[in-house]
Structures are given as structure tokens and as C-alpha cells.
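> Numbers 4 to 244, taken from our numbering, label the letters of the sequence shown in order.
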Amino acid sequence: MRQTSQISKLTSLRAGFAVLSIFALIGVSGTVFAADAAPMAAAPEAKAEVPGKPKIDLAAGEALYSNGDATRGVTACITCHGPKGQSAIATWPKLSAQHAAYLTKQLKNFKEGTRANPIMMGMAATLTQQDMQNISAFLAKQPISQGVAQDKATIALGQSIYRGGIAAKGVPACAACHSPTGAGIPAQYPLLGGQWAEYSNAQLLAFREGVRTNSSQMTTIASKLSDKEMKAVADYIAGLH
Ligand code: HEC
Ligand code: HEC
């Protein structure tokens, strides 16, 4: 008896929900079609042009980068990374002209925690894979922001490490992967040239100290560099183009 009455309770609950959803549907579609009939009709056609491929939306990426999305708790990236990703403050890395695949990987790594940074872990947690791809595609298209090396005393050391590595310690030339101009190689090796020296130095330290564990190649290389060598090569990279 008890079971039957529970089932009939459930059934009437379900019926109630069904009625509610029908009302919701009528309500929503009524407003959408009345206000915005043309775009609704155009949308399926636009989607059909690239069947099966995830659509990268540059405009959505730019909007999210510049304004965030308060309803989802996404902070505007521009607050720290600056207009076009050309951060004007050494604490926040420049993101403009960086390869899209690298940027998306970093955002995923922050979200997963293999790149441990309290600020960016919070930021990335609010982003979907699609958001990450949209923002990365937008940033990759922004013009590069160049910089200058600051420390005349260490430029020669920085340059020799970047171009030739340190043979005695088994440190490979940075240029071998990041290219002689610091432009990197799309998808595999990030752009470094023009980046703030403080930031590049902090990343080398993070690789060496095991805070950033998302690249075994860079962990191996950084673990062979002294503080002085890291500082010198990071400063050289800031002026590289
Ligand atoms: C409160 C300041 C702040 C905000 C807002 C912010 N970031 Fe960051 N971002 C940082 C800091 C600090 C780092 C360096 C983290 C580290 O040292 O690992 C960073 C690093 C990054 C990196 C890695 C860059 C590289 O060269 O590897 C990416 C990509 C990035 N942020 C994207 C974003 C996006 C996208 C948003 C917006 C959704 C955003 N950030 C919002 C402070 C911020
Ligand atoms: C064998 C290839 C290779 C060599 C050689 C190499 N790197 Fe890298 N480096 C990488 C890869 C791959 C990444 C991206 C790791 C990731 O996915 O997070 C990277 C990332 C970096 C970053 C972080 C960039 C950012 O925006 O956060 C810095 C800084 C860096 N490398 C500096 C150097 C320096 C300095 C040297 C030379 C001493 C060097 N690299 C040599 C492969 C290499």
C-alpha cells in the first residue's frame, strides 16, 4: 500500500513538472520568436557550414577577455593582462601574439592544477574548454608587445645561454626550441621574446622548484640553471625580437 501511494505521488509530481515545462517552453519560444525571428532562422545555416568542427568564436573570446561574465563568475582578463593582452605591468605576463594552442594548454593546466598559481587557478576554474579556445584565438591575433633588456652587465651571459646553452652543464640552447628570435614554434614551443623579465624568471624558478609541473622538458632544463643564469637569460629574452 505504502509503495503504491509513493508511486502515485511521484506520478503526480512528474505530471506537474511536465505541465510546468510546457508552460516554460511556450513562454520562452514566444518571446524569442517575437523579438528575434531573423537571427533564430539564420543560426542553423551558419552552423551547417563547418559540420563536426568546434567553432572558434573570436568575438566571444574578445568579449569574455574584456568584460568577463559576472553571471558565471568570470573576471575580466583585461584587468591584469591589459588591452590586447599587452600587459603594462611586469607582474602580469603579456599574452598578445602567443600561440593559441599554448595558451589553451596553460588555461587547462591551471584548471587541473599542474600549473599551480593561486590567482590563475581561480580564473581558469570558471572557464569552459570553448571559452579557453575562444580567448586564446583572440589573443593569438593581437600584435606582439616588444620589450627591452634592462641589465647591461648580464646581456652577454643571457645571450650566450639563449643561443648556445651551457655545454658543461648539459643545458641546451633555448633557441633550439624557442627559435633564434624568441618567436617560438606554433603549437609546440611558446613565444618568449618581449616578455617581462620578472615573469620569465619566475617561470624558470617555478619549473625548477616543482610549482609548475606541466613540462618535463622545461623542468629538466631549469633544474640545471643557477639563479644568476636564470636572471640573465630572462632579461635577455625581454629584449629579444
Ligand atoms: C588578478 C590578475 C589576473 C587576472 C584577472 C587574470 N590573470 Fe592570467 N595571469 C595572472 C598571473 C599573476 C599570471 C602568472 C601565473 C604564474 O606565475 O604561473 C597569469 C598567467 C596567465 C597565463 C599564462 C601565460 C603564459 O605565458 O604561460 C594565461 C594564458 C592567462 N593568465 C590567461 C588569463 C585569462 C584568459 C584571464 C581571464 C579569464 C586571466 N588570465 C585573468 C594574473 C591574472
Ligand atoms: C627542448 C625544447 C625546449 C628548450 C631547449 C627550451 N625550452 Fe623553454 N619551453 C619549452 C616548452 C615545450 C615550453 C612550454 C611548456 C608548457 O607547455 O607549459 C617552454 C616554456 C618556457 C617558458 C615559459 C613561457 C611562459 O610564457 O610561461 C620559459 C620562460 C622558457 N621556456 C624558457 C626557456 C629558456 C630560458 C631556455 C634555455 C635555457 C629554454 N626555455 C629551452 C621547450 C623548450
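All C-beta atoms, glycine included, are put in the ideal place defined by N, C-alpha and C.
On a predicted model such as this, the values are computed, not experimentally measured, just so you know.
Straight-line CA distance for G187 to D72?
Spanning the two alpha carbons is a distance of roughly 32 Å.
> So, V236 versus Y165, is the Cβ gap smaller than 7 Å?
yes
> Measure how close the beta-carbons of A104 and A190 come, nearest whole angstrom, since I'm counting them as under 8 Å.
4 Å
> Could you pull the start and end residues of the alpha helix (DSSP H) that S90 belongs to?
Looking at the DSSP string, S90 is not in any alpha helix (DSSP H), and its letter there is neither H nor E.
> Starting from the N-terminal side, write out each stretch of the alpha helix (DSSP H) that is 4 residues or longer and does not extend beyond the region 101 to 143.
Fully enclosed alpha helix (DSSP H) runs of no fewer than 4 residues occupy 103 to 115, 121 to 128 and 132 to 143 of the region 101 to 143, in order along the chain.
> Is there at least one non-hydrogen atom of ligand 1 closer than 6 Å to the beta-carbon of N112?
no
> Where F113 and Q133 are concerned, what is the direct C-alpha to C-alpha distance, given to the nearest angstrom?
15 Å
> Taking the beta carbon of T184 as the centre, do at least 16 other beta carbons fall within 10 Å, making it buried, or is it exposed?
exposed
> Within the continuous alpha helix (DSSP H) that includes I164, where are the two ends?
I158 to G167
> Does the region 119 to 136 touch the region 155 to 163, meaning 3 or more C-beta pairs lie closer than 8 Å?
no
> For L194, which option in A171, A225, G242 and Y68 has the closest C-alpha, if you only look at C-alpha atoms?
G242
> Is I1 near ligand 1, going by C-beta to nearest heavy atom under 6 Å?
Absent from the structure is residue 1, since the part of the chain shown begins at 4 and ends at 244.
> I want to check one thing, is the minimum distance from the CB of I240 to the heavy atoms of ligand 1 below 6 Å?
no
> Measure how close the beta-carbons of N137 and A63 come, nearest whole angstrom, since I'm counting them as under 8 Å.
5 Å
> List the endpoints of the continuous alpha helix (DSSP H) containing S203.
A200 to E212
> Residue range of the alpha helix (DSSP H) that I147 falls in?
Here I147 belongs to no alpha helix (DSSP H), and DSSP marks it neither H nor E.
> How is the alpha helix (DSSP H) around N70 delimited, first residue to last?
L61 to N70
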